[in-house]
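Okay, so here's the structure we're looking at.
Residue numbers (my numbering), protein chains in the order written: chain S, 54 to 133; chain Z, 7 to 435.
Written out as structure tokens, the structure reads:
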């Protein structure tokens with residue numbers, strides 16, 4: 054089992070999509086929302102994902118393919 | 007002994023012991039260092055600071071690591087220069103340059119890494135690590151060498167040769183990652199979670215970021231224990247921007263500024279604002295990566311991540327961890343956000359070099375071009391005391407200004423020289 058902390062950023066119409074619900078339904082991943090802020094045209098959710106490493110990878114690839122941005126929870130770690 | 011009382015989540019306010027922690031376990035918010043300011047106020051004074059070493063460790067009472075045996079390559083206490091020539095070009099009579107490009111590894115990163123490395127050694131880590139596009143890698147490798155511990159630096163595989171050599175010379179394990187920016191970022195974040203290393207900007211981040219406060223302390227001290235009316239600061243993650251502001255307010259609250267009464271820090275140490283701190287904080291970002299300034303201009307409270315595409319690579323953080331806190335500092339200080347067109351970055355570098363003899367990297371070009379925007383728009387008045395922060399050395403980004411090389415080509419005779427000189431004079435160069 055693996056655990057990852059990620060941040061999803063939704064823009065425009067994606068705000069209305071049940072992405073997190075489908076991530077939990079279509080993949081063997083347990084999602085646990087810790088912090089979020091959703092507005093009319095943009096939203097972000099910080100959440101923890103539990104599951105097999107490969108399944109989390111597959112799930113995150115699917116999330117990215119929907120247009121939702123996936124980032125590490127603490128922001129970029131590459132600095133100048 | 008550092009006067010640290012613990013760590014506190016900036017979002018949910020949960021408290022943690024002062025350990026190598028990354029984010030709040032509950033809400034995943036960032037952790038900040040909390041200080042015992044009551045005790046600090048009993049020991050600190052302008053005199054005590056003045057008698058300290060000529061490095062950031064003169065402010066050890068306000069840093070989260072012990073100053074008794076710091077990992078110190080003499081970061082900080084860099085020159086604050088009056089800039090009359092640049093000031094004349096911009097219409098500013100009271101302009102100063104904080105030249106942090108002359109730190110030991112040639113960028114302000116030595117301040118933050120010195121604190122992180124000292125804390126890492128205190129915690130017993132044997133490896134110092136980072137993910138970097140240049141300046142941070144150089145500083146981490148240099149400080150690890152000084153501390154006698156190992157270092158691992160992750161860099162994008164297409165990084166410029168000068169920066170690669172600038173870090174490699176100190177003997178780190180260098181990992182060149184082949185992938186997109188986001189992929190490299192994800193990998194490094196995962197490595198940080200899985201290896202028992204002190205990643206300066208991951209599990210050491212709370213301590214590391216505090217090193218930037220010294221950029222605020224030094225300017226105040228060098229100005230005679232007073233604050234400027236304006237500062238222009240480059241921003242990537244937004245952390246340095248917020249910490250300079252914090253540094254100014256700490257000095258005011260502790261009564262270290264000339265003619266300013268001390269004040270309680272209140273319940274939230276990280277958002278305290280002493281009314282005597284009237285410095286307006288102006289942020290500078292390049293057009294190719296300006297997520298914080300864009301959010302400020304749009305009146306957003308959320309910073310929308312972007313994919314960086316800028317020649318100012320040391321500012322190219324598309325998903326800035328401290329973006330929302332930096333936005334609040336702009337507003338609280340009645341400052342501004344300034345986007346510099348990519349084409350103006352090199353102009354800014356040249357303008358500073360030709361007027362004040364300081365060769366800065368692309369981030370400095372962003373600052374000088376933003377300063378010019380602020381001066382010419384009237385946002386900074388001619389007599390207002392202004393400090394522009396120059397945080398990195400131009401020798402690291404020489405490829406950005408290769409076009410300036412245009413020598414007179416002559417044969418080894420006086421006549422050839424005079425002919426070439428007259429031709430050059432005729433075309434005004």
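Even for Gly, the Cβ is constructed at its ideal location relative to N, Cα and C.
query: With a threshold of 6 Å on Cβ separation, who are the neighbours of residue 124(Z) within its own chain once the five nearest residues in sequence on each side are excluded?; result: 71, 76, 77
query: Considering residue 133(Z), what are the terminal residues of the beta strand (DSSP E) in which it resides?; result: 133-138
query: Can you find a CB in chain Z that lies within less than 8 Å of the CB of residue 198(S)?; result: Because chain S spans 54 through 133 in this model, residue 198(S) falls outside it and cannot be assessed.
query: Counting only beta-carbon separations shorter than 8 Å, does residue 141(S) have a partner in chain Z?; result: Not covered by the structure: residue 141(S). The range shown for chain S is 54 to 133.
query: Measuring alpha carbon to alpha carbon, tell me which of 237(Z), 205(Z), 394(Z), 300(Z) ends up nearest residue 309(Z).; result: 300(Z)
query: Can you grab the Cα-Cα spacing for the pair residue 432(Z) / residue 315(Z), in whole Å?; result: 39 Å
query: Below 8 Å on the Cβ atoms is my guess for residue 369(Z) versus residue 240(Z); work out the distance and round it to an integer in Å.; result: 5 Å
query: Buried or exposed: where does residue 74(S) fall if 16 or more other Cβ atoms within 10 Å of its Cβ makes it buried?; result: exposed
query: Taking DSSP as the reference, what is the three-state secondary structure of residue 409(Z)?; result: helix
query: According to DSSP, residue 91(S) sits in a beta bridge with which residue or residues?; result: 96(S)
query: What do you reckon, are the CB atoms on residue 6(Z) and residue 43(Z) nearer than 8 Å?; result: Outside the shown range of chain Z, which is 7 to 435, sits residue 6(Z), and nothing can be said about it.
query: DSSP three-state call for residue 494(Z): helix, strand or coil?; result: The displayed coordinates of chain Z run from 7 to 435. Any statement about residue 494(Z) would go beyond what the structure contains.
query: Return yes when the Cβ of residue 143(Z) is within less than 8 Å of the Cβ of residue 127(S), no when it is not.; result: no
query: Can you pull the chain Z residues whose beta carbon is under 7 Å from the beta carbon of residue 90(S), in chain order?; result: 308
query: Can a CB atom of chain S be found closer than 8 Å to the CB of residue 315(Z)?; result: no
query: Threshold first: 3 residues or longer. Then list the beta strand (DSSP E) segments lying entirely within the stretch 192-256 of chain Z, N to C.; result: 236-240
query: Could one say the Cβ of residue 1(S) lies closer than 8 Å to chain Z's Cβ atoms, at least one of them?; result: The structure shown has nothing for residue 1(S), since chain S only spans 54 to 133.
query: Using DSSP bridges, identify the partner residues of residue 63(S).; result: 96(S)
query: Write down the C-beta distance between residue 215(Z) and residue 126(Z) rounded to the nearest angstrom, noting that I regard them as a contact closer than 8 Å.; result: Incorrect: roughly 14 Å between the Cβ atoms, too far for contact.
query: Using a Cβ-Cβ cutoff of less than 7 Å, which residues in the same chain neighbour residue 379(Z) once the five nearest sequence positions on both sides are dropped?; result: 344
query: Compare the C-alpha of residue 402(Z) against each of 179(Z), 317(Z), 376(Z), 331(Z) and name the closest.; result: 317(Z)
query: Could you tell me whether the Cβ atoms of residue 110(Z) and residue 139(Z) are closer together than 8 Å?; result: no
query: Rounding to the nearest angstrom, what Cα-Cα distance links residue 264(Z) and residue 232(Z) in this structure?; result: 6 Å
query: Nearest to residue 113(S) by CA position, among 96(S), 79(S), 132(S), is which residue?; result: 79(S)
query: Got a sec? Which residues, its chain only, sit under 7 Å from residue 213(Z) by beta carbon, not counting five neighbours each side?; result: 39, 70, 71, 121, 122, 125
query: Residues of the stretch 21-44 of chain Z in Cβ contact with chain S at a cutoff of 8 Å, in chain order, please.; result: 28, 29, 32, 33, 34, 35, 36
query: Give the DSSP bridge partners of residue 101(Z), in chain order.; result: 392(Z)
query: Could you confirm whether any beta carbon from chain Z is found closer than 8 Å to the beta carbon of residue 125(S)?; result: yes
query: Between which two residues does the alpha helix (DSSP H) carrying residue 126(Z) extend?; result: 115-129
query: Do you know whose CA, among 154(Z), 424(Z), 392(Z), lies nearest residue 238(Z)'s CA?; result: 392(Z)
query: In this structure, does DSSP put residue 310(Z) in helix, strand or coil?; result: coil
query: Pick out the complete alpha helix (DSSP H) segments inside the stretch 135-177 of chain Z, 4 residues or longer, and give them in chain order.; result: 141-153, 167-174
query: Touch check for the stretch 87-105 of chain Z and the stretch 351-362 of chain Z: three-plus C-beta pairs under 8 Å?; result: yes
query: With 8 Å set as the bound, which would you pick, yes or no: does the beta-carbon of residue 73(S) sit closer than that to a beta-carbon of chain Z?; result: no
query: Would residue 394(Z) pass as a contact of residue 103(Z) if the rule is Cβ separation under 8 Å?; result: yes
query: Which residues, in order along the stretch 133-151 of chain Z, keep a beta-carbon less than 8 Å from a beta-carbon of chain S?; result: 136, 137, 138, 139, 140, 141, 142
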